[in-house]
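*Asks:* I am attaching a structure below and will ask some questions about it afterwards.
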Amino acid sequence: MRSFLLIPPLIGALLCVIGANAAVAGDSPVRRFALKGAQATQTTNLTPAELYARELTHKRPTRRSTAQRRQESELPEIQANINIGAITASTGSPLGGLTLGTSGLEVDLSGPGVNLVTTASPSWSSRTDRRITISTLSGFPNLGLVQYDASSGLTLGVGLPNGVLVTGVADPGTAAGSLPSFVANYNTGLSDLAVETDVWTIDYITGIISAQWTNPDGSKPVTVLVTDGTNIAATGDVLAFNLAHGLGWFPITLAYTIAP
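According to mature numbering (1 follows the signal peptide of the UniProt record, and there is no 0), the residues represented by the sequence shown are -22 to -1, 1 to 238, in order.
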């Protein structure tokens, strides 16, 4: 009889416990990732791991084609000792190396010529506005283009007989792309002729060296390197230059090799 009297209080106690547990569970909603297209609104009571997981679901994947690619740094520049040789442009036949003469750089048929110095890097394929120096030419160490003579104009171009000689120029030389300036030159020893120094384009793959003169108006004409078999010059019109300075000048190509 007593056992039956104890059942109602036990049932009441169990119901109270179940109700209390239900109330506690109701205060802690189940945390889920937001469904696709839906925005999650809960921002409180989340653990750091849950916040990080929510952030991952909002980040769009990055396509490989638009991902930033790692850029390789260039290898350092070095000072390269070189020899420069002259080649007949029309046939490709070698003429000889460049050596020092009375009027600047001349073609030496007997050997590789004088040592010169320029900057180089294994990373480079080609560079414009290069400076080449002649370490053995004291007082005029910069290989440049110098006004042919005082009567020669400074503008090169088609139909014009003007030209410039390849010779040494005193420091500081001229900056890349600058207009002709009056700096002391090896030919006269004076600052009486216009010069340009940083005019050389070097192809580090083929070894070809070309020149680019800048006219006084800033234009950049076709600049053809020529020789009469000894002296080396540059002009914008080979025929007109020949008629003005004596026949026998013909186009050449300059090419360098690493000096031994």
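Note that beta-carbon positions come from the ideal geometry of N, C-alpha and C, so glycine has one too. Small disclaimer: the values here were computed from a predicted structure and weren't measured.
Please report the distance separating the alpha-carbon of T231 from that of T192.
*Replies:* On the sequence shown, position 253 is the one that residue 231 refers to. On the sequence shown, position 214 is the one that residue 192 refers to. Each residue's alpha carbon lies about 19 Å from the other.
*Asks:* Rank S68, E84, P150 by C-alpha distance to the C-alpha of G74 and give the top, closest one.
*Replies:* For this step, residue 74 is matched to residue 96 along the sequence shown. The candidate whose alpha carbon is nearest that of G74 is E84.
*Asks:* Report yes if the CB atom of D195 is closer than 8 Å to the CB atom of G226, and no otherwise.
*Replies:* Walking along the sequence shown from the start, residue 195 turns up at place 217. Walking along the sequence shown from the start, residue 226 turns up at place 248. Their beta carbons are not under 8 Å apart, which means D195 does not touch G226 by this criterion.
*Asks:* Let me know if D149 comes out buried or exposed under the rule of 16 or more other beta-carbons within 10 Å of its beta-carbon.
*Replies:* As a working mapping, residue 149 is identified with position 171 in the sequence shown. By the neighbour-count rule (16 or more Cβ atoms within 10 Å), D149 is not buried but exposed.
*Asks:* For the 8 Å Cβ check, are there 3 or more pairs between the stretch 134 to 145 and the stretch 91 to 98?
*Replies:* Too few Cβ pairs lie closer than 8 Å, so no.
*Asks:* Which whole-angstrom value is the C-beta distance of G122 and E174, which I expect to be below 8 Å?
*Replies:* Numbered from 1 along the sequence shown, position 144 holds the residue referred to as residue 122. Numbered from 1 along the sequence shown, position 196 holds the residue referred to as residue 174. So it is a contact: roughly 6 Å between Cβ atoms.
*Asks:* In whole angstroms, give me the CA-to-CA distance for I56 and E28.
*Replies:* As a first step, residue 56 must be located in the sequence shown, where it is residue number 78. As a first step, residue 28 must be located in the sequence shown, where it is residue number 50. Near 55 Å, if we compare the C-alpha coordinates of E28 and I56.
*Asks:* On the CB-based measure, 16 or more other CB atoms within 10 Å of its CB, does residue 244 come out buried or exposed?
*Replies:* The displayed coordinates of the chain run from -22 to 238. Any statement about residue 244 would go beyond what the structure contains.
*Asks:* Against chain D, with Cβ distances strictly below 8 Å, would H223 count as a contact?
*Replies:* The structure shown contains no chain D; it holds only a single protein chain.
*Asks:* Please report the straight-line C-alpha distance between W102 and P54, rounded to a whole angstrom.
*Replies:* For the purposes of this step, residue 102 is taken as residue 124 along the sequence shown, with counting starting at 1. For the purposes of this step, residue 54 is taken as residue 76 along the sequence shown, with counting starting at 1. Between W102 and P54, the C-alpha separation is close to 10 Å.
*Asks:* Provide the residue span of the alpha helix (DSSP H) that contains L53, from first to last.
*Replies:* Your numbering for residue 53 matches position 75 in the sequence shown. Looking at the DSSP string, L53 is not in any alpha helix (DSSP H), and its letter there is neither H nor E.
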